[in-house]
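Visitor: Handing you a structure now.
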Amino acid sequence: MAVETQDAMLEVNAEVCGTTLSVSKRNLENDDFTDPCFFDEDYSPAAATGFVVWEGTWLFVKLMQDLHWRRRFAGKRVVEMGAGIGLAGLAAAAAGAHVLQTDLPSVVAGSIQPNINRNAKTPFSEPQQARSDVASQEVNCISGSPWAGALRVGMGSTVAMAMDWCKPLDVQCLDRHNDPRHADVILAVETVWLAELIHPFVSMAAAILRGPN
242 MAVETQDAML EVNAEVCGTT LSVSKRNLEN DDFTDPCFFD EDYSPAAATG FVVWEGTWLF
302 VKLMQDLHWR RRFAGKRVVE MGAGIGLAGL AAAAAGAHVL QTDLPSVVAG SIQPNINRNA
362 KTPFSEPQQA RSDVASQEVN CISGSPWAGA LRVGMGSTVA MAMDWCKPLD VQCLDRHNDP
422 RHADVILAVE TVWLAELIHP FVSMAAAILR GPN
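Numbering (the numbering used here), first residue to last: 242 to 454.
Given below as structure tokens:
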């Protein structure tokens, strides 16, 4: 559900496993929108799409509302490629996954991290408050190790990391606490929309798949 407004950004809400998620996205009906990352070094038309909720994201949110699919993600370490505004990753986290949301630095700073902050305030290491809803019955099925610095979202956790598909993964993981190659699952929702992005995307996914898990 989107809150009707003429502002440059819209608030969008979704519910997964008893957790209400709220993210801010670009208002496509506002012609006065100015991309705050336009002058960033890593800016590109591809990065500009990171402020929109695409239809595939809504389909993934719907999957996370299904018990069968939730169980496939619960407790898993997930790396999301091209996370954009982060709604898909937040949905997976709400369902019990530990999600490392990645995108270009400008998208992480301008979109992913602000939306994580809207939904997560508590480090995952802190005890979760008691819940009386149906979703709480699934908590005992959830395990796995959160990423370093992860914040709690629903029954899981999430944290953001900048990752450029056109740069070697080894270089990008230097001096960082999280390595995407330690993921159990790669999540990518409506990520590639330009032919020029196919090879970098496949190359980065292959680099992650060479990890220990």
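For each residue, glycine too, the CB sits at the ideal point set by N, CA and C.
#1: Is LEU341 near the ligand GTP - that is, is its Cβ less than 7 angstroms away from at least one heavy atom of it?
#2: Smallest Cα separation from SER366: which of VAL394, ALA333, ILE439 and LEU304?
#3: For CYS258, count the other beta carbons within 10 Å of its own beta carbon; 16 or more makes it buried, fewer makes it exposed. Which is it?
#4: Should the stretch 386-403 be called in touch with the stretch 299-307, which here means at least 3 C-beta pairs below 8 angstroms?
#5: ALA336 to GLY397, Cα distance in whole Å?
#6: If we call anything under 8 angstroms between Cβ atoms a contact, is ILE326 one with LYS408?
#7: What residue from ALA255, ILE353, PHE442 and ALA447 has the CA that sits closest to MET305's CA?
#8: Return the chain-ordered ranges of every alpha helix (DSSP H) run that is complete within the stretch 387-453 and spans a minimum of 4 residues.
#9: VAL340 lies in the beta strand (DSSP E); which residues open and close that run?
Guide: According to the data block:
#1: Ligands displayed in this structure: none; no statement on the ligand GTP is therefore possible.
#2: VAL394
#3: buried
#4: no
#5: 6 angstroms
#6: No, these two residues do not count as a Cβ contact at 8 angstroms.
#7: The shortest C-alpha separation from MET305 is found at ALA255.
#8: 410-413 and 436-450
#9: 339-344
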